[in-house]
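In my numbering, the protein residues as written are 19 to 124.
Right, dumping it as structure tokens:
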């Protein structure tokens with residue numbers, strides 16, 4: 019009888035161990051699924067970061083190009099203002115010369 023009780027107890031322990039093993043396998047599967055999910059999220063975030071970095075690089079480049087165009091426009095405006103000043107001086111000189119000729123003719 020004692021042997022049967024020990025056998026029964028051992029079978030119960032064996033059943034319990036099998037249940038624990040099954041539970042551990044289920045937990046392992048769950049952990050692997052979570053790990054795969056986290057890996058996918060990490061890859062998605064890395065892709066998003068790369069896209070943002072690329073966009074920032076392009077925006078910076080576009081900003082530099084706009085700055086260069088602005089500088090070029092400012093230089094052109096400065097050149098035109100100087101040319102205008104020269105023309106105004108030449109016009110004034112021509113007017114003075116015309117007045118002098120008119121006075122000489124009178």
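Note that CB positions come from ideal geometry on N, CA and C, so glycine has one too.
Can you grab the Cα-Cα spacing for the pair residue i / residue j, in whole Å?
i, j, result
"residue 78", "residue 84", "10 Å"
"residue 98", "residue 91", "10 Å"
"residue 82", "residue 74", "12 Å"
"residue 124", "residue 112", "18 Å"
"residue 28", "residue 40", "18 Å"
"residue 93", "residue 115", "33 Å"
"residue 55", "residue 72", "26 Å"
"residue 48", "residue 57", "14 Å"
May I ask you to report which of helix, strand or coil DSSP gives residue i?
i, result
"residue 19", "coil"
"residue 124", "coil"
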